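Report on one structure; see the data block that follows.
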Amino acid sequence: MALILMSINVVIAAEPIGRLFTSPMERSNLDYLRQTKKNEPLKVEAPTQEAEIAPPPIVALPDAVNLQGYVKRNDGKQSTVWVNNQAMTENSRNKEVTVGKLSEGSNRVPIKLSANGKRLNLKAGQVYDPESNRVQEARNHGAQGDNGNLGGKIDGTIDDSGL
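This is the structure:
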């Protein structure tokens, strides 16, 4: 067994490993090319005003979109949707959003933001926050007209403690 292993090592060692570096002839050829190469300075052109790249326009994020609710009509008339405390009919738009057509079997309202063209499908009681790019429940968000109080004293109201 040892004899076989030794013969394998001899065969492997007999193979040439190849050249790691260039031969003396290749080396002299490379040196000649470097010496005879003309060193031409690079031409640098000043940028023209037309070639300047304008910074991308800053797009202001829209306000949060709060879907308070909707009423689907079965009589063929358009359904009503309440977005950001404004009643809108389906397939209508205002300066902030476009409300799409409510589908018969869905509880989601298709909404498109006018500011950036983002399309959403919100359920009643949900709020889309563009800053975090998340949809949340209105109670968790502190949406428009909602101060998050579920009971207790609310500023501007009268309770029995002051009597």
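Heads up, the sequence shown is in the working numbering, so the first residue is 1325 and it goes up one at a time. C-beta atoms are modelled at their ideal positions from N, C-alpha and C, and glycine is treated no differently. Only a predicted model underlies this, so the values are computations on that prediction, with no experimental measurement involved.
8 Å CB neighbourhood of residue i in its chain, flanking five on each side removed
{"i": "L1446", "result": "V1389, L1391, R1432, V1433, I1435, Y1452, V1459"}
{"i": "A1448", "result": "L1391, Q1392, G1393, Y1394, N1431, V1433"}
{"i": "M1349", "result": "none"}
{"i": "L1354", "result": "T1346"}
{"i": "K1367", "result": "none"}
{"i": "L1444", "result": "V1389, P1434, I1435, K1436, L1437, Y1452, V1459"}
{"i": "K1419", "result": "S1438"}
Sequence-distant residues of the same chain with beta carbon closer than 6 Å to residue i, five excluded per side
{"i": "P1454", "result": "L1385, P1386"}
{"i": "N1415", "result": "K1425"}
{"i": "N1286", "result": "The chain is shown from 1325 up to 1487; residue 1286 falls before or after that span and cannot be answered."}
{"i": "T1439", "result": "Before going further, note that residue 1439 is Ala rather than Thr in the sequence given. So the list reads P1386, once near-sequence residues are dropped."}
Counted within 10 angstroms of its Cβ, other Cβ atoms place residue i as buried (16 or more) or exposed
{"i": "T1481", "result": "Reliability fails at T1481, whose pLDDT of 49 lies under 50, so the model's placement of it is uncertain and no value is given."}
{"i": "V1407", "result": "buried"}
Rounded Cβ spacing between residue i and residue j (contact assumed at less than 8 Å)
{"i": "T1413", "j": "T1404", "result": "6 Å"}
Residues near residue i by beta carbon distance below 7 Å, same chain, minus five either side
{"i": "K1396", "result": "S1403, L1426"}
{"i": "A1462", "result": "N1390, G1449, Q1450, V1451, D1470"}
{"i": "L1487", "result": "Since pLDDT at L1487 reaches only 48, below the 50 mark, its modelled position is unreliable, and the value read off the structure follows with that caveat. Nothing meets the Cβ criterion."}
For residue i: DSSP bridge partner residues
{"i": "E1461", "result": "Q1450"}
{"i": "T1404", "result": "V1395, T1413"}
{"i": "V1389", "result": "Y1452"}
{"i": "T1422", "result": "R1417, K1436"}
Hey, which unbroken runs of the alpha helix (DSSP H) at 4 residues or more fall wholly within the region 1426-1451?
Counting whole runs of 4 or more residues, the region 1426-1451 contains no alpha helix (DSSP H) stretch at all.
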